[in-house]
Amino acid sequence: MATTIQRLTASQRLTCLVAAAPLWVAVSLAQASMRDGFDLTRHPLSALSNGSLGWLQIANFLVAGVLTVIGATGLRHAMTSRWAPRLVLLNGIGMIAAGIFPMDPADGFPAGTPAGMPQTMSWHSYAHLAAGSIAFISLIAACYVLGRHFARTGDRRAAAVSCIAGTALLLGDTWAIIGGPAGSLTLAVGAITAMLWIAVVAARLR
Numbered sequence: 001m002a003t004t005i006q007r008l009t010a011s012q013r014l015t016c017l018v019a020a021a022p023l024w025v026a027v028s029l030a031q032a033s034m035r036d037g038f039d040l041t042r043h044p045l046s047a048l049s050n051g052s053l054g055w056l057q058i059a060n061f062l063v064a065g066v067l068t069v070i071g072a073t074g075l076r077h078a079m080t081s082r083w084a085p086r087l088v089l090l091n092g093i094g095m096i097a098a099g100i101f102p103m104d105p106a107d108g109f110p111a112g113t114p115a116g117m118p119q120t121m122s123w124h125s126y127a128h129l130a131a132g133s134i135a136f137i138s139l140i141a142a143c144y145v146l147g148r149h150f151a152r153t154g155d156r157r158a159a160a161v162s163c164i165a166g167t168a169l170l171l172g173d174t175w176a177i178i179g180g181p182a183g184s185l186t187l188a189v190g191a192i193t194a195m196l197w198i199a200v201v202a203a204r205l206r
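Residue numbers for the sequence shown follow my numbering, beginning at 1 and rising by one.
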């Protein structure tokens, strides 16, 4: 895979990063709207990895994660910031791991699952939580680092949007962790905002 990535131009790698977020968002939201028993105010998008169609979300995580990893190498060649590409790379690795280790069924999804959270968690569900934490923390940090980068280059609008995107994910993730009402929805909004902004940045640099 490393050899294949090396053959790609920086522009082609950035194109992978441009495509990663819209692909993941489109596939996730399409499933969220159609799969029986799924409620975005109660179930995180990661829960879509369960059930007979769970392979779709697993593949979604894996493909988007690989595209993000490839795109991060293009980001490294396109900007002077050292940490932004590294953090985006770590985000991609976290997404791949989140696909490999799905979370447990819970709170009525997939249909037929008992209401409420399970009393015990499987090892792969713990691994999923760890992977998700890595992905989210690195994505939040990447947005703030990009904000600082754009501020230094005089692009105040991009700097502001970067900070807004990072804050949206930070607040959404925090609200979900403390068990706030519709926490999975706020988390999804924050994650989608930050992911799509990274795609926009890649498109600008390409």
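Each residue gets a CB set at the ideal place from its N, CA and C atoms; glycine is no exception. Computed from a prediction, not measured in an experiment: that's the story for all the values here.
Handout entry: Beta-carbon contacts of His-124 that lie in its chain and below 7 Å, excluding the five residues immediately before and after
Key = Position 124 of the sequence shown, counted from the start, is the residue given in the question as residue 124. Counting only Cβ-Cβ distances below 7 Å, and skipping sequence neighbours, we find Phe-101, Pro-102.
Handout entry: Residues that DSSP places opposite Ala-106 in a beta bridge
Key = Locating residue 106 in the sequence shown gives position 106, where the first residue counts as 1. BP columns for Ala-106 point to Phe-109.
Practice task
Give a yes or no on contact between the segment 107-122 and the segment 143-158, applying the rule of three or more CB pairs nearer than 8 Å.
Solution key: no
Exercise for the section: Put Thr-167 into one of helix, strand or coil per three-state DSSP. Expected result: As a first step, residue 167 must be located in the sequence shown, where it is residue number 167. Three-state result, Thr-167: helix.
Handout entry: Helix, strand or coil at Ala-135 [DSSP, three-state]
Key = Stepping through the sequence shown from its first residue, residue 135 is reached at position 135. Residue state, collapsed to three classes: helix.
Handout entry: Alpha-carbon spacing of His-149 relative to Arg-82, whole angstroms
Key = For the purposes of this step, residue 149 is identified with residue 149 of the sequence shown, where counting begins at 1. For the purposes of this step, residue 82 is identified with residue 82 of the sequence shown, where counting begins at 1. Near 10 Å, if we compare the C-alpha coordinates of Arg-82 and His-149.
Handout entry: Simplified DSSP assignment, three categories, for Met-121
Key = On the sequence shown, position 121 is the one that residue 121 refers to. In this structure, Met-121 counts as coil in the three-state DSSP scheme.
Exercise for the section: Rounded to whole angstroms, what's the CA-CA distance from Gln-57 to Gly-147? Just pull it up for me. Expected result: For the purposes of this step, residue 57 is identified with residue 57 of the sequence shown, where counting begins at 1. For the purposes of this step, residue 147 is identified with residue 147 of the sequence shown, where counting begins at 1. One C-alpha to the other measures close to 30 Å.
Practice task
Determine the direct distance from the alpha carbon of Ser-133 to that of Trp-197, and round the result to whole angstroms.
Solution key: The residue you call residue 197 lines up with position 197 of the sequence shown. The residue you call residue 133 lines up with position 133 of the sequence shown. For Trp-197 and Ser-133, the distance between alpha carbons rounds to 19 Å.
Practice task
Check the C-beta distance from Val-18 over to Ala-203 and give it rounded, since I have them as a contact under 8 Å.
Solution key: Translated into the one-based positions of the sequence shown, residue 18 becomes position 18. Translated into the one-based positions of the sequence shown, residue 203 becomes position 203. Right, the Cβ-Cβ distance comes to about 5 Å (below 8 Å), so this counts as a contact.
Practice task
Compare the Cα-Cα distances from Ala-98 to each of Ile-140, Arg-76, Leu-45, Pro-85 and report the closest residue.
Solution key: Here residue 98 corresponds to residue number 98 of the sequence shown, with the count starting at 1. Of Ile-140, Arg-76, Leu-45, Pro-85, the residue nearest in Cα terms is Leu-45.
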